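Going left to right, the sequence shown walks through residues 746 to 899 as the working numbering numbers them. Here the structure comes first, spelled out in structure tokens, and everything after it is commentary.
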Amino acid sequence: MNNLDQIKAIIEPLLNQHDFKLFSISWSKFQHMKTLEILVYHDDKAVDLDGIAQVSELLSSAIDESNLVEEEYLLDIGSAGAERELELDQLDESLNKYVFVKFRNPLQGADSVYGDLVEINQDSITIEYRVKHAKKKIELDKENVAKIRLAVKV
């Protein structure tokens with residue numbers, strides 16, 4: 746188990762207890778300082794500055810007490826964003842949410858679609874979208890999904 750996996754094992758239960766979910770964790774350098782970047786999200790609401798402060802305080806002490814990081818580092822907590830990109834294995838959490846899907850190969854004359862993710866199967870997903878006032882559905886092979894992210898209706 747590497748350092749990030751060990752840190753993840755410590756912080757994920759803490760995040761879950763406070764209704765946050767871990768989106769990503771990584772090491773980077775910021776102005777010659779080792780930085781632990783952690784992105785979090787909520788299922789049903791935006792992460793605000795108070796939420797970031799809460800997570801920062803919670804995780805900072807847990808990571809320090811674990812002694813997994815021996816050298817000095819910066820802890821950078823942020824929101825994964827309202828339009829965060831999704832991995833295909835994260836789609837179950839996004840069922841019935843509004844998404845943007847970019848296709849690898851055009852379908853029905855289009856290379857992308859905005860709509861609600863209404864069905865997830867082993868090999869395909871179904872998006873319900875609107876053309877004027879009519880609802881339509883398109884089934885996509887997961888192999889034809891170049892990119893999928895949450896989207897915000899305007």
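For every residue, glycine included, the Cβ atom is placed at its ideal position computed from N, Cα and C. Everything numeric in this text was worked out from a predicted model, so none of it was measured.
CB of residue i within 8 Å of CB of residue j, strictly
| i | j | result |
| --- | --- | --- |
| Ser869 | Asp886 | yes |
| Ile883 | Ile865 | no |
| Leu759 | Leu803 | yes |
| Ile770 | Ser811 | no |
Beta-carbon contacts of residue i that lie in its chain and below 7 Å, excluding the five residues immediately before and after
| i | result |
| --- | --- |
| Gln894 | Per the sequence shown, the amino acid found at residue 894 is Arg instead of Gln. Contacts found: Glu828, Arg829, Glu830, Leu831, Val844, Phe845. |
| Lys774 | Thr780 |
Range covered by the alpha helix (DSSP H) that runs through residue i
| i | result |
| --- | --- |
| Asn761 | 748-762 |
| Val844 | First-last for Val844: 843-852, but that is the beta strand (DSSP E), not the alpha helix (DSSP H). |
Sequence-distant residues of its chain with Cβ nearer than 6 Å to residue i (five each side left out)
| i | result |
| --- | --- |
| Met746 | Any answer about Met746 is weak, because its pLDDT of 48 lies below 50 and its placement is not dependable; what the coordinates show is given next. So no residue of the chain qualifies. |
Unbroken beta strand (DSSP E) run spanning residue i, endpoints
| i | result |
| --- | --- |
| Gly860 | 855-865 |
| Leu794 | Not the beta strand (DSSP E): Leu794 falls in the alpha helix (DSSP H), residues 794-811. |
| Lys880 | 879-886 |
Neighbourhood of residue i by C-beta distance below 8 Å, restricted to the same chain and skipping five residues each side
| i | result |
| --- | --- |
| Ile808 | Ile752, Ile755, Ile756, Leu781, Val814, Leu820 |
| request: Check whether the stretch 783-800 touches the stretch 817-824, taking contact to mean three or more Cβ pairs, one atom from each stretch, closer than 8 Å. | output: These segments touch.
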